[in-house]
Amino acid sequence: MTALLDVDTAVATADDGAPRFASWQARAGAIALDVLPGVGVITTMALLAYTTAVGGWLWWVFMGVLAAAALATFVNRWLLPPITGWTMGRAVTRIRVVTATGQPAGSTRLLIRELAHLLDTAALFVGWLWPLGDKRHRTFADLLLRTEVRVVDSVDHPRRNVRRIAGCVLIAAAVLCVAGGGLGYLQVYRQDRALEQARAEIAEQGPRIVEQLLSYGTKSVVDDFARAQALATDGYRPQLVAQQQAVQKSGVTDNEYWAVSSAVLPDPTPTMDRAAMLLALQGQRGSDPNSLKFITATVRADFEKSNGRWQVAVLTVLKKPLTGQNGGPQPPQPPSPPQNKPPR
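Quick note, in UniProt numbering, the sequence shown goes up one by one and the last residue is 344.
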């Protein structure tokens with residue numbers, strides 16, 4: 001997070017003329033003010049973007065805020081010190097990075113120093129605690145780059161109130177995190193509601209759609225086939241038409257199905273415009289009561305929603321239709337009992 005500061009400073013010295021080195025607490029406070037607001041916003045937005053559909057408007061909002069927070073942190077931590085001599089955190093705690101001779105550290109040295117802090121972290125964070133025992137309060141990065149962090153004196157009336165700027169930055173970071181979390185919650189809540197609504201629609205409409213897709217009569221076959229084609233997606237319709245043409249060539253008889261049981265299947269990657277259902281079907285084939293055949297079958301129907309209407313995308317037969325005459329499938333008959341023969 002950035003803060004454009006313009007304060008005249010001079011390195012503070014003790015009464016004996018020795019430089020005053022920054023305390024570990026001041027250094028920790030400075031880096032916390034410089035890094036934590038940006039890291040908090042970046043982490044929050046990354047998590048929210050991960051739970052949001054990629055490419056959606058809300059995903060772009062989260063990624064935009066993330067990029068802005070990363071850029072602001074980079075500017076404050078790496079670009080401002082060579083220009084103004086300060087970062088926001090160092091301005092608040094009144095400390096400054098200088099060379100061992102007390103000269104301002106250049107931009108190249110400061111950038112390499114930031115990278116060298118990886119050594120402080122890699123050594124199980126011992127490098128960050130090293131200033132507690134070093135007489136010049138240096139980390140491993142300071143030892144490597146020959147830099148020191150010293151207390152500086154400010155003029156009596158600085159041109160800007162740096163503490164107020166830091167407070168505004170902290171408040172802005174907190175507001176962004178809370179607002180992002182609120183938007184993410186609303187998005188997830190709406191998505192869950194939409195998924196529940198889609199499952200409810202399929203539970204209600206799915207069985208009827210499959211019944212109409214598979215049922216037809218000899219007198220209304222043209223209209224029935226046209227209705228069935230309208231219930232299929234563009235991808236499934238050619239397969240359905242080929243099946244209908246095969247039925248017409250072999251001779252059309254009345255064919256009626258109804259769903260006796262159905263269940264919406266769980267989807268590992270649920271969406272609001274796709275669903276699947278398992279159906280147990282019963283039906284009858286033919287119109288003559290003497291030759292009427294009763295049918296049972298089990299199918300899986302995959303649905304897609306287009307223009308506000310659910311259509312069948314794939315119809316998979318899991319258990320082929322079983323037919324029986326005058327009362328359904330005929331059970332196997334038990335063997336006839338043996339005939340009694342007179343003894344000889």
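We treat Cβ as the ideally placed atom computed from N, Cα and C, and that holds for glycine.
Along the length of the segment 124 to 175, whole beta strand (DSSP E) runs at least 3 residues long occupy 147 to 154, reported in chain order. Taking C-beta atoms under 8 Å as the contact rule, V65 and V98 fail to qualify, at a distance of about 35 Å. Residues of the same chain with a CB within less than 7 Å of the CB of L143, apart from the 5 flanking positions on each side, do not exist. Per the DSSP secondary-structure output, R96 pairs in a beta bridge with R150. Boundaries around T298 are those of the beta strand (DSSP E), K293 to S306, since no alpha helix (DSSP H) includes it. About 5 Å separates the beta carbon of V264 from that of A203, a gap short enough to meet the 8 Å contact definition. In this chain, the beta strand (DSSP E) harbouring R274 covers R274 to R285. Under the three-state reduction of DSSP, V252 is assigned to coil, being neither helix nor strand. Here the segment 236 to 254 does not lie against the segment 204 to 211, with fewer than 3 beta-carbon pairs under 8 Å apart. When only Cα atoms are considered, L129 and Q187 end up about 43 Å apart.
Less than 8 Å divides the Cβ of T253 from the Cβ of G286.
Rounded to whole angstroms, the gap between the alpha carbons of A46 and V61 is 11 Å. Selection Q248, G38 and R199 evaluated against S220 yields Q248 as nearest (Cα-Cα). Proximity to R96 across R77, V151 and H117 peaks at V151, based on C-alpha coordinates. Within the model, the alpha-carbon separation for R138 versus R109 is close to 15 Å.
With a 10 Å radius around the Cβ and a threshold of 16 neighbouring Cβ atoms, D192 comes out exposed.
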